[in-house]
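A.B. asks:
Number of protein chains: 2
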Amino acid sequence: MKKLSPTIRDVAAAAGVSVATVSKYMNGAQRFSAPVEARLKAAIEELGYRSNPLARSMITGRTRAIGLTILDISNPHFTNVVKGANRIALRHDYTLLLVDTDENQARERPLIEALAQRVDGLILSSRMSDSESKWLLDLGKPLVLLRHSDTLPIPSVGIDNRLATYMLARHLLNLGHRQIAYLGFGQARINDERIRGARECLEEAGLTLDVYDAHAPTAHAGEHACSRVMLGPRRPHAVICYNDLIALGFMKEAASLGIKVPQELSVTGVDNVPYGEYAAPALTTVDIQSEKMGELAMQKLIDALAGHADTGHSMFEPRLIVRESTAACG
Amino acid sequence: MKKLSPTIRDVAAAAGVSVATVSKYMNGAQRFSAPVEARLKAAIEELGYRSNPLARSMITGRTRAIGLTILDISNPHFTNVVKGANRIALRHDYTLLLVDTDENQARERPLIEALAQRVDGLILSSRMSDSESKWLLDLGKPLVLLRHSDTLPIPSVGIDNRLATYMLARHLLNLGHRQIAYLGFGQARINDERIRGARECLEEAGLTLDVYDAHAPTAHAGEHACSRVMLGPRRPHAVICYNDLIALGFMKEAASLGIKVPQELSVTGVDNVPYGEYAAPALTTVDIQSEKMGELAMQKLIDALAGHADTGHSMFEPRLIVRESTAACG
DNA sequence: ATGAAAGCGCTAACAC
DNA sequence: GTGTTAGCGCTTTCAT
């Protein structure tokens, strides 16, 4: 277990060259005379030498690692972001360091600060407001945000949240619904945008939106909220949920309450997580291209690392996915 | 962006002490005289000093990072493993380095070798056989395997796969089923164990098991395999799937084929992923405590790092979760 | 094309 | 308690 690995000096000695030569060889920095190259090759093979990335990083100041903080890896949306980011990282020979902050806002800052020291750049998903996020700029590392920031000069990636819920509201309107509720997650920074999208659409039709809060972005929270929404004084005919997880839980509980979806109630989510398709009934939702978001965020960061500055916001376009959880108002 | 951070020497100068003193202070190694401590504190605060973990690691030989390789983060089973592992890592002030090998066996070895150099220990989930895995021992790092190995002296965690499918077969038998098929994933090392469990149970009842292969551990693969299984010459009344994802896809496609689950066909999975509960119908499965597996794997590794050797295999006990996708044979 | 030497930022003896 | 010093394994001028 403790057979300590050979150092560059061991290789130099074995090959009868200097450490500088070995270093250059390892980095493919230049060409070598045939005999030297042969001896180098042999010595490295022989000793099983692999250069120590830590020592290397200390000098070059680059780690070839990228940090990614997410709120909850259990959420398939974030899983897909990770998937996409990882794919691009791998392709460029970067390693992904994942930190799941577990929706724990207090731990966020120290966690990010510690992570920042071990990576060349960071992709961040956070619930912090812009004003709480100023210290990010002092990290001295390239960043990409997984949400839009109006005031921070940090590149970001996201979708048009307003449009996403606008589309859902329009879809429900087209189906003849008039009593539409929104079941949100107030702690999410994008919740307001999603409310606004749905509300705008309804107001154009002279209708109002009833807003509820699920307190968590999870299926369990959706289940919990269902009776409050459906058995309260203003029973809706259609519910737009903050995300698919909440929608999935909501639908399940609605079934328990004896409410038929979609005959008596239409339900929609946002995210297009892979399991909405297998739910009962299959969930109508808006695809937000989570995996592509991860890919682009990583690509932007890698570009930034390569010196291509970019402080813009890239917005993916939402796409409505109509399945079986929405139907004409009965 | 490029404001380079202060070094230990800057702090030493600012506080009028030696670098050694600063180092000791940072590591909380001992007590200090009041004036020195005060100046240290002030200087550190003033400069915003944070010690460079790379330089530190190079000397101590410890990185406080743990590597985790998984086959596919999209699979909720692995997601849960990551979740559990991350929780324990955080608790012990370790960072998790995640590598998703994307089921790509060729890339596995170089990826793991590279990862090994940046961490104190590794948790591995792999499709490699024991004989292909010998080189792992040369990594010189503590390891934990997410599967049992008979021949490698490496601690591991897993579940009793034989028992898992044995229980499912028994459950189906109890419901009166006689024509039972297994839809597996041959590339998984544990597939054979799962086949064996189901087969043993059936053989005790004088029955045989029809075995099919889904070629991938995904919902999509389950969908694809469905017609082959259900419309072939030996149509089963119950299907035990390798995992929940395959089962979810299988159920969906069965519905498309006009086959009613569970009236005409019982379907089961393995893993108890969070979305089986929201499927149509809710999926009968076996809970394998994925999150606990991740927790225990990480705990074992951290124990090993602390010098507590342990080369044993820890086996979690499967638990049958009966939902709505299984019913008495009609 | 190759090598000598000076560090990167820090810790770990060992002095005082 | 506090300081001095010698590296950790590597890259990088700058000679040759």
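Residue numbers (UniProt numbering), protein chains in the order written: chain A, 1 to 330; chain B, 1 to 330. Where a beta carbon is used, it is the ideal one built from N, C-alpha and C, also for glycine.
1. Here's a check: name, in chain order, each residue in its chain whose Cβ is nearer than 7 Å to the Cβ of L202 (chain A), leaving out the five neighbours to either side.
2. Any idea if D150 (chain B) is buried or exposed, counting beta-carbon neighbours within 10 angstroms, 16 or more meaning buried?
3. Do you know offhand how far A12 (chain A)'s Cα is from S18 (chain A)'s?
4. With a threshold of 8 Å between beta carbons, is E113 (chain A) in contact with chain B?
5. Using the beta-carbon count (16 or more within 10 Å), is D192 (chain A) buried or exposed?
6. Among B:P233, B:N272, B:L248, which has the Cα closest to the Cα of residue 333 (chain B)?
7. Could you list which residues in chain B have their beta carbon closer than 9 Å to that of G269 (chain A), in chain order?
8. By Cβ distance below 7 Å, which residues in the same chain neighbour Q117 (chain A) in space, the five residues on each side in sequence not counted?
9. Do L40 (chain B) and A15 (chain B) have their C-beta atoms within less than 8 Å of each other?
10. Taking Cβ-Cβ distances shorter than 9 Å, what residues in chain B pair up with A42 (chain A)?
11. Name the chain B residues that come within less than 9 Å of A280 (chain A), Cβ to Cβ?
12. Between V81 (chain A) and M58 (chain A), what straight-line distance do the alpha-carbon atoms span, to the nearest angstrom?
13. In angstroms with no decimal places, state the Cα-to-Cα distance between A188 (chain A) and I70 (chain A).
14. For R50 (chain A), which residues in chain B fall below 8 Å Cβ to Cβ?
15. When Cβ atoms are compared, which residues of the stretch 55 to 74 of chain A fall closer than 7 Å to chain B?
16. How would you list, in chain order, the residues of chain A whose beta-carbon sits under 7 Å from the beta-carbon of A20 (chain B)?
17. Report the three-state DSSP secondary structure of Y49 (chain A) (helix, strand or coil).
18. Alpha carbon to alpha carbon, how far is A219 (chain B) from L139 (chain A)?
19. Which same chain residues end up closer than 6 Å to N243 (chain A) when comparing Cβ atoms and leaving out the 5 residues on each side of it in sequence?
20. Could one say the Cβ of K252 (chain B) lies closer than 8 Å to chain A's Cβ atoms, at least one of them?
21. Could you tell me which uninterrupted alpha helix (DSSP H) segments, each at least 4 residues in length, are contained entirely in the stretch 72 to 100 of chain B, listed from first to last along the chain?
22. Closer than 8 Å, CB to CB, is L155 (chain B) near chain A or not?
23. Using beta carbons (cut-off 8 Å, strictly below), is A219 (chain B) in contact with chain A?
24. With 16 other CB atoms within 10 Å as the buried threshold, where does G206 (chain B) fall?
25. List the whole-angstrom C-beta distance separating L305 (chain A) from V157 (chain A), where the pair is believed to meet the contact cut-off of C-beta under 8 Å.
26. Taking 6 Å as the limit between beta carbons, can you name the residues of its chain near D213 (chain B), skipping five residues before and five after?
27. Would the stretch 20 to 38 of chain A and the stretch 247 to 262 of chain A be scored as touching if the rule is three or more Cβ pairs under 8 Å?
28. In the DSSP assignment, find the unbroken beta strand (DSSP E) run with G165 (chain B) in it and report its ends.
29. Quick one: residues in its chain with C-beta nearer than 8 Å to the C-beta of M1 (chain A), no 5 flanking neighbours on either side, listed in chain order?
30. May I ask you to list, following chain order, the residues of the stretch 123 to 154 of chain A that have a beta carbon less than 9 Å from some beta carbon of chain B?
31. Chain B partners of L248 (chain A), CB-CB under 7 Å?
32. Taking C-beta pairs closer than 9 Å, name the residues in chain B that L202 (chain A) reaches, listed in chain order.
33. Would you say A89 (chain A) and M315 (chain A) are within 8 Å of each other, going by their C-beta atoms?
34. Between which residues of its own chain and E113 (chain A) is the CB-CB distance below 8 Å, once the five residues before and five after are set aside?
35. Excluding the 5 residues flanking C226 (chain A) on each side, which residues of the same chain have their C-beta closer than 6 Å to its C-beta?
36. Does any C-beta atom of chain A lie closer than 8 Å to the C-beta of T165 (chain B)?
C.D. replies: Working from what's here:
1. A169, I180, T208, L209
2. So D150 (chain B) counts as exposed.
3. A12 (chain A) and S18 (chain A): Cα-Cα distance of roughly 5 Å.
4. So, interface residue.
5. exposed
6. Only positions 1 to 330 of chain B appear in this structure, which leaves residue 333 (chain B) out of reach.
7. Neighbours of G269 (chain A) on chain B: none; closest Cβ ~11 Å, over 9 Å.
8. none
9. L40 (chain B) places its beta carbon less than 8 Å from that of A15 (chain B).
10. Near A42 (chain A) there are no residues of chain B at all, since even the closest Cβ is about 19 Å away, more than 9 Å.
11. Y278, A279, A280, P281, A282
12. 30 Å
13. 13 Å
14. E113, Q117
15. A55, S57, M58, I73, S74
16. Residues of chain A passing the Cβ test: none, with the nearest at roughly 19 Å.
17. Correct three-state label for Y49 (chain A): coil.
18. 42 Å
19. P217, G269, V270, D271
20. yes
21. Taking only runs of at least 4 residues, the alpha helix (DSSP H) segments lying wholly in the stretch 72 to 100 of chain B are 76 to 91.
22. With the sequence shown as reference, residue 155 (chain B) is identified as Pro, and Leu is not the correct amino acid for it. No, P155 (chain B) lies away from the interface with chain A (no Cβ there is under 8 Å from its Cβ).
23. yes
24. exposed
25. Rounded, the Cβ-Cβ distance is 16 Å, inconsistent with contact.
26. G184, G186
27. no
28. According to the sequence shown, residue 165 (chain B) is Thr rather than Gly. Unbroken run through T165 (chain B) is the alpha helix (DSSP H), 161 to 174; no beta strand (DSSP E).
29. Here M1 (chain A) scores only 43 on pLDDT, less than 50, and its place in the model is too uncertain to base an answer on.
30. L137, D138, G140, K141, P142
31. What L248 (chain A) touches in chain B, judged by beta-carbon distance under 7 Å, is Y278, going in chain order.
32. The contacting residues do not exist; L202 (chain A) stays about 28 Å from chain B at best.
33. Their beta carbons are not under 8 Å apart, which means A89 (chain A) does not touch M315 (chain A) by this criterion.
34. L139
35. F250, E253, A254
36. Not one chain A Cβ lies under 8 Å of T165 (chain B).
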